[in-house]
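In the working numbering, the protein residues as written are 13 to 233. Glycine included, every Cβ here is placed at the ideal spot set by N, Cα and C. These figures come from a predicted structure and were not determined experimentally.
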């Protein structure tokens with residue numbers, strides 16, 4: 013796959029706790045130059061990015077991030093503010109404690125509630141695979157499907173592990189036909205990027221795709 017095509021799958025990401033406006037501007041300018049799918053940024057920067065870059069950029073942000081255990085009402089408030097500020101895509105973190113307590117129905121209900129809030133905007137559901145058993149992952153594939161979310165996403169990048177091809181294969185076997193897949197936190201090389209895309213991921217969440225490709229194919233751009 014050509015490098016330019018691979019970058020169209022990338023949610024170009026900067027979610028560090030200490031991200032400065034200069035970091036965010038660099039991210040946005042790279043996204044515009046290399047035509048990434050979106051920028052994934054902290055909620056506090058959404059309005060500033062929207063005001064600075066207008067319709068040149070697709071803004072993605074995170075909700076309940078990175079631990080997921082804030083109450084549903086708080087996540088709803090985050091979604092509403094993010095959309096008001098100009099976000100087009102929301103990556104929510106599920107309540108993993110609910111999963112561990114066996115309350116998958118509660119997780120499904122929360123996802124459905126947030127999807128109602130996002131409407132025609134994209135909702136991606138981060139299940140944080142590194143903390144889950146295979147049985148829990150399969151149950152969450154069903155919950156994400158039943159709740160009407162647009163994507164299931166592997167990881168926050170802040171857990172003990174990131175995306176694996178094995179998890180993507182498991183997702184593919186258990187999600188509904190309308191649910192797409194996003195891998196995050198496991199892309200360390202251009203080969204990884206291509207492998208996740210070839211396995212069926214419609215999005216890749218990473219901060220390093222552009223630098224990896226530039227290093228591998230110096231001079232192409």
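| Query | Result |
| --- | --- |
| Start and end residues, alpha helix (DSSP H) containing residue 52 | Run containing residue 52: none in the alpha helix (DSSP H); it sits in the beta strand (DSSP E), 50-53. |
| beta-carbon residue 69 near the ligand ZN non-hydrogen atom, thresh 6 angstroms | No copy of the ligand ZN occurs in the structure displayed, which carries no ligand at all. |
| Beta carbon proximity, residue 51 to chain C, threshold 7 angstroms | The structure shown contains no chain C; it is built from a single protein chain. |
| Cα-Cα separation, residue 35 to residue 179 | 31 angstroms |
| Residue 223 classed as buried or exposed, judged by whether at least 16 other C-beta atoms fall within 10 angstroms | exposed |
| Straight-line gap, residue 215 to residue 136 (C-alpha atoms, nearest Å) | 10 angstroms |
| CA-to-CA distance, residue 219 to residue 25, given in whole angstroms | 5 angstroms |
| Residue interval of the alpha helix (DSSP H) (run including residue 136) | Counting along the chain, residue 136 falls outside any alpha helix (DSSP H), though it belongs to the beta strand (DSSP E) covering 134-138. |
| Close Cβ partners of residue 148 (< 6 angstroms) along its chain, the five nearest in sequence each way excluded | 111 |
| Spatial neighbours of residue 127 in its chain, beta-carbon cut-off 7 angstroms, leaving aside the 5 residues before and after | 135, 159, 160 and 161 |
| Limits of the unbroken alpha helix (DSSP H) element including residue 155 | 146-159 |
| Check whether residue 186 and residue 150 have beta carbons under 7 angstroms apart | yes |
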